Amino acid sequence: MNKLNSTALSAAAFAALLALPVAAQSVIESCPAPLRMADTGIEGMGDLSEAFGPFAETFEEITGVELALYSLSNRTAAGTALQFDEVEFVFAGPSEFVLFQQLAEMDVLFSVVRPSYGSSFVVKADSDIMTMADLAGRRVALKDVGSTSGHIFPMMMMAEAGLDPMGDAEIVMAGDARIQVLINGDVDAMGGGNKDYDAVRAQDPDTEYRLIGQTETLPGDPVVMRATLPQDCRDALRATLQENQDALWEALTATERNADKFIEDDSYMSFDTDPAIYDVVRCAYEVAGIALDD
């Protein structure tokens, strides 16, 4: 009995070993080489290599195909590069994905899902602002133009509260200073990502703050894949990377930039991301009255 079990286990182990090179070989056979990847939030090869060097190395070890990092200046250039087959992948945000879809058909290789990723509005606890509707006539700090959680969804939240975001309130695109201007009292409220609420309280522990509005979890950051890649290439990539997602995740978050961005409670890679989930982002643009290409 023991001998039979041992033989069965050895056969299973041998089969598992054989499966890895077969999966990698399918990527080699099905995909162009090298595969090229850009990031919408990074300009310059130095910064790109610093952020994604370990990821690119692990990608090549897993698939057998080189992942060449491709520097682009902004999201418009990234969308054009995907449209005209200059790159195969772009690490992007939800807003960029729906923008790219306007240019050509796009697919998703995988997404980074962050359960706490969403938008919130914060005020000081002693503020007379009790609801989103009370933001009328107030000075409101948001993050950066085009930021999914720091601009698009906060504007949508204001619109859903019956406000004209650009006419009924004074919007200040404060960028990285958004937390400090709220603490200083330069604005009456701040709309941003859910993590900003924790950041405000951490930076100003002697003052009490409260939330007046919050969204549900937003779709994760996608690695956008041009749909002109052969279907067997896309399928082989997903299957091979998913089999090795622990190693890929470790490589992705090995750098300071990506660790700060992606590591939070229960974040994970999803290889079953339906592009249709990003329709909510397109709707947010429409409700907020913002053109996708702004």
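Residue 923 in the working numbering sits at position 14 of the sequence shown, and the numbers go up by one each step.
Ideal Cβ positions, reconstructed from N, Cα and C, are used throughout, including at glycine.
Only a predicted model underlies this, so the values are computations on that prediction, with no experimental measurement involved.
Segment limits, alpha helix (DSSP H) that includes residue i
i	result
K1104	N1103 to Q1112
I1092	R1087 to N1093
G973	G973 -> no alpha helix (DSSP H), and no H or E assigned at all.
E1069	F1062 to E1069
Per DSSP, cross-strand counterpart(s) of residue i
i	result
A1050	V1081 and M1099
A947	V999
L1120	V1031
Spatial distance of residue i from residue j (CA atoms)
i	j	result
G962	H1060	30 Å
L926	L1150	Residue confidence for L926 is low, a pLDDT of 39 falling below 50, so the modelled location carries little weight; the figure read from the coordinates is stated next. Distance between the alpha carbons of L926 and L1150: 16 Å.
Y1187	M1065	15 Å
S1230	F1009	The structure shown has nothing for residue 1230, since the chain only spans 910 to 1203.
S939	T972	11 Å
L1157	T1164	13 Å
A922	R1191	Confidence at A922 is low in this model, with a pLDDT of 39, below 50, so its placement is unreliable and the value that follows should be read with caution. If I take the Cα positions, the gap works out to 47 Å.
D1085	L1051	10 Å
S1020	T1182	7 Å
I951	L978	11 Å
V1081	V1049	6 Å
K1104	N1093	19 Å
G1071	A1042	7 Å
Exposure of residue i, with buried meaning 16 or more beta-carbon neighbours within 10 Å
i	result
P1131	buried
V1054	exposed
T949	buried
F993	exposed
Q1120	For the record, residue 1120 in the displayed sequence is Leu; it is not Gln. Classification for L1120: exposed.
P1128	buried
L1018	buried
P1074	buried
D1202	exposed
A917	Confidence at A917 is low in this model, with a pLDDT of 40, below 50, so the placement of that residue should be treated as unreliable; the coordinate-derived value is given next. Label assigned to A917: exposed.
D1037	exposed
T1126	exposed
Chain B contact for residue i (CB, 8 Å cutoff)
i	result
M1065	No chain B is part of this structure, which consists of one protein chain only.
Continuous beta strand (DSSP E) stretch holding residue i: start and end
i	result
A977	L976 to L978
L1201	Element bounds for L1201: n/a, residue is neither H nor E.
L991	It is not in any beta strand (DSSP E) - L991 instead sits in the alpha helix (DSSP H) that spans R984 to Q992.
Query - Every unbroken alpha helix (DSSP H) within the segment 1131-1195, with a cutoff of 4 residues, ordered by chain - result: 1140-1152, 1154-1161 and 1165-1171
Query - In chain order, each beta strand (DSSP E) run of at least 3 residues that lies wholly inside the segment 1007-1054 - result: 1015-1022, 1028-1033 and 1048-1051
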